[in-house]
Each structure stands twice: as structure tokens, then as C-alpha cells.
Amino acid sequence: MELISIKKYAQIHKMTIYAVVKKTKDGSLKTEKKEGEILIYFDANESVEVPSIKEEKIGDFEKAYFKLKLKYDKLEQKYNNLLTRIAPR
């Protein structure tokens with residue numbers, strides 16, 4: 044295990060510095076104070092979890108867009124019908 048700074052730990056784990064400090068305060072990360080700086084014990088062999096992003100196909104976006112477009116068109120038509128009933132042109 045090696046000691047690294049809070050900033051370095053945050054960069055490695057893609058977290059905010061605030062989140063790392065919060066973890067140190069609640070005791071989930073082991074720390075040591077040296078030369079006025081708080082250092083975190085870090086296991087170099089520890090695997091860093093990378094969040095997996097579900098790959099969506101362009102077709103999925105197109106389908107969702109057209110569904111929303113149909114809903115929008117129907118609502119727009121209802122709105123225009125209401126306007127013509129309230130204030131005929």
C-alpha cells in the first residue's frame with residue numbers, strides 16, 4: 044500500500060474531492076496525516092470500477108424521437124382546435 048493525496052485519489056477514481064473527504068470522515072478510507080497534508084492509503088493492486096455505458100444504437104434514438112414527435116403533433120393539433128373554438132378567425 045502506498046500513500047497518495049486526496050486530489051490524486053479523486054482523479055484515479057473519478058470522484059469529486061468533496062466525496063473523497065466525506066469518505067475519509069466516515070472512516071471508509073484509511074488516512075494518515077503527514078506534513079500538514081492528509082494522505083490516503085491506496086492499494087495499487089485495487090481495481091478501479093469503470094461504470095459501463097450501455098451502447099445504444101442510433102435507431103433507438105430515432106424511434107424515441109418519432110414517438111415524441113407524434114405525441115407533439117397530436118397535442119399541437121388539439122391546441123389549435125381549442126384556439127379556433129375559443130376565438131374563431
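Our numbering numbers the first residue of the sequence shown as 44 and each following residue consecutively. A virtual CB, placed ideally from N, CA and C, is assigned to each residue, including glycine.
Simplified DSSP state of residue i, which is helix, strand or coil
i: GLU119; result: helix
i: LEU72; result: coil
Proximal residues to residue i (C-beta, below 8 Å), its chain only, five neighbours per side dropped
i: ILE60; result: ILE49, LYS50, ALA53
i: GLU80; result: SER48
6 Å Cβ shell around residue i - same chain, five flanking residues per side excluded
i: LYS77; result: none
Beta-carbon gap between residue i and residue j smaller than 8 Å
i: GLU75; j: LEU46; result: yes
Enclosing beta strand (DSSP E) for residue i [first to last residue]
i: LYS65; result: Run containing LYS65: none in the beta strand (DSSP E); it sits in the alpha helix (DSSP H), 60 to 69.
i: GLU78; result: No beta strand (DSSP E) contains GLU78, which DSSP labels as neither H nor E.
First through last residue of the alpha helix (DSSP H) which encompasses residue i
i: LYS50; result: 49 to 56
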